[in-house]
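Just so we're aligned, residue 1116 is where the sequence shown starts under my numbering, counting upward by one. Note that the Cβ used here is the ideal one computed from N, Cα and C, for glycine as well. Computed from a predicted structure; not experimentally measured. Input: a single structure, listed below in structure tokens.
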Amino acid sequence: MSPKRETKRVIHSELIEDVIQQLNDYIAAMVPEVRREHERLAKNIVFRTLPDADHIDAGLDGFLRAALEDEIVPAVPVERVDEQPRIMEYELRQEVIKKALVGLKLPALREIARQSGIPQSGGSEDLATRIARYYKWNDEEIARLVLETESEPVPERGWIDRLFAMEGPPDLQLTAERLGYVIGRYIRIGVARWFVFERIIGEPSDGQLELVGTVRAYQAVVDEEVVEHPHLRPNQQSDRQVSVVLTEGLSVVRVVRAPASDSRAAMVALRMVTGWSQLGYVPVRIGVLSDETRQRFESSSLIMLDLITTRFRSAGIARLNLTMARFSIGQTQSRDAAEPDEESDRPRLKAVRFEGDYLLDSIEACRLIAVERRALVDISATAVSEPRPDGEVGVYPIRVALERDHIVVFTGFTAHGPLTAPAVHRQLWSAAVQEMQEGIANPEALETLLEKISTRAKSEIPPEHADIMNPEAP
């Protein structure tokens, strides 16, 4: 995959300071000439007293730094205190102020901007930055503003991987070079959020690279110990390590054992540094199916059914007992749709969730899939693996979910087959990667399964046995 030109480039922070110093040196060199011209033209003109030179220099430095950072992303060397990465004080202070403002939500920020005569366009971060500049980054003023506006103030036990689709497979050699440029540094990836590039594991010649980094994030807390002078205090969240795995020839990036927010943070950092483009959605590859099937069933249901039947069975899962199924309700949001600007009081049902045993064999679930054309987006199940040569059978709790921009694969800890669980999990996420890369694995088997689901959806009598998910049943 060829890198695309990003809006902002990532460069070492020292280069920004060098540019600012060069501009200051140039200005200092021009001062005598400007002064001589001023004296020649202004002999009979009275001027007001100007601010001290030190004050002008400080303001100019801040203006230049802000202007440069609007166009580029500084990669700052990591200083460690007690082995923990430390964010520069001025940067942390400004981000905490922005974080407090972002917590007010977009409609509230627009109202503050309107009352202050500030442009109301853009998203929450843009507005928060403008408002903070309007208040000259005054901690106490922003704290009062937050109080007056009355802002609203999980780890899983097991193996979990999140699979993000890219526009194409990365060039590992170029990726390694670009990541090497920022190792031991951090970049800002969101409001009061930074990603620290710790190390790279592997070589391009190995066919796989693993980026290890740390997500550092802060919440903004209004400290009201002194009511007359409230101020903002940064509340650091725990540093969380994230591993991102890139494989030669694969257009799917795997983020290992990290929650969704940290996984997305790592993907933002990866894109900013390497320039590789992320799809931003789970690819739908169902072109091998008939036109009638594609019209009758929601694409997410087709992907999920093919994955948990054909691909998981090929990966060594002999039997699945679906214990939870979640269906989305209504139209799925467009991948390019923006978040709503305002909260609506209109009653809405976004999803329906079933719990039980062998849920896909139930009339209710079949009707949601085949009659109401709902999207099956999240399942939990008890998976039974095929017997090993010694006769041992593993039983594993698993979960598979289609998120808006990635697929989640989770395999839980279990007392039945603990030694084989990591291998089973690897087979499951490998099957999900194949589904993302190749699409429907067995169109004929899926069409047969869908016909069974359609027949069950028309039935009025509950089945005596779970037979839809069992390929050996008539």
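Check: VAL1612 to ARG1434 span [Cα, whole Å]; Outcome: Look at the range of the chain in this structure, 1116 to 1589, and you will see that residue 1612 is not part of it.
Check: Boundaries (first-last residue) of the beta strand (DSSP E) holding TYR1511; Outcome: 1510–1517
Check: Three-state secondary structure (DSSP) of VAL1306; Outcome: coil
Check: Closest by C-alpha distance to THR1563, when choosing among GLU1550, VAL1523, THR1408; Outcome: THR1408
Check: Cα-Cα separation between VAL1306 and ALA1332, rounded to whole angstroms; Outcome: 9 Å
Check: Inter-residue spacing [alpha-carbon to alpha-carbon] between ILE1126 and ILE1246; Outcome: 27 Å
Check: Under the three-state DSSP convention, the category GLY1328 falls into; Outcome: strand
Check: Pairwise C-alpha distance: GLY1509 and GLY1273; Outcome: 15 Å
Check: CA-to-CA distance, LEU1294 to SER1358, given in whole angstroms; Outcome: 13 Å
Check: Check whether VAL1217 and SER1236 have beta carbons under 7 Å apart; Outcome: no
Check: Nearest-angstrom Cα separation, counted from GLY1322 out to TYR1141; Outcome: 49 Å
Check: Close Cβ partners of ALA1453 (< 6 Å) along its chain, the five nearest in sequence each way excluded; Outcome: In this prediction, ALA1453 scores a pLDDT of 38, lower than 50, which makes its location untrustworthy; no coordinate-derived value is stated.
Check: Under 7 Å between C-beta atoms of ALA1547 and LEU1278; Outcome: yes
Check: Inter-stretch contact (C-beta, 8 Å, three-pair minimum) for the segment 1367–1377 and the segment 1543–1559; Outcome: yes
Check: N- and C-terminal bounds of the beta strand (DSSP E) containing ALA1433; Outcome: 1432–1443
Check: Spatial neighbours of ARG1195 in its chain, beta-carbon cut-off 7 Å, leaving aside the 5 residues before and after; Outcome: ARG1201
Check: Proximity below 7 Å, CB of ALA1466 to CB of SER1443; Outcome: yes
Check: Interface flag, LEU1437 vs chain B, CB-CB below 7 Å; Outcome: Given the protein chain composition of this structure (a single chain), no chain B is represented.
Check: LEU1242 versus LYS1214: straight-line alpha-carbon distance, rounded; Outcome: 11 Å
Check: Spatial distance of PRO1234 from ILE1315 (CA atoms); Outcome: 43 Å
Check: TRP1544 in three-state terms, based on DSSP; Outcome: helix
Check: At least three beta-carbon pairs within less than 8 Å, the segment 1564–1574 to the segment 1478–1487; Outcome: yes
Check: Proximal residues to SER1128 (C-beta, below 6 Å), its chain only, five neighbours per side dropped; Outcome: PRO1189, VAL1191
Check: Among MET1387, LYS1567, GLU1413, the one whose alpha carbon lies nearest that of VAL1399; Outcome: GLU1413
Check: CA-to-CA distance, GLY1364 to ILE1302, given in whole angstroms; Outcome: 28 Å
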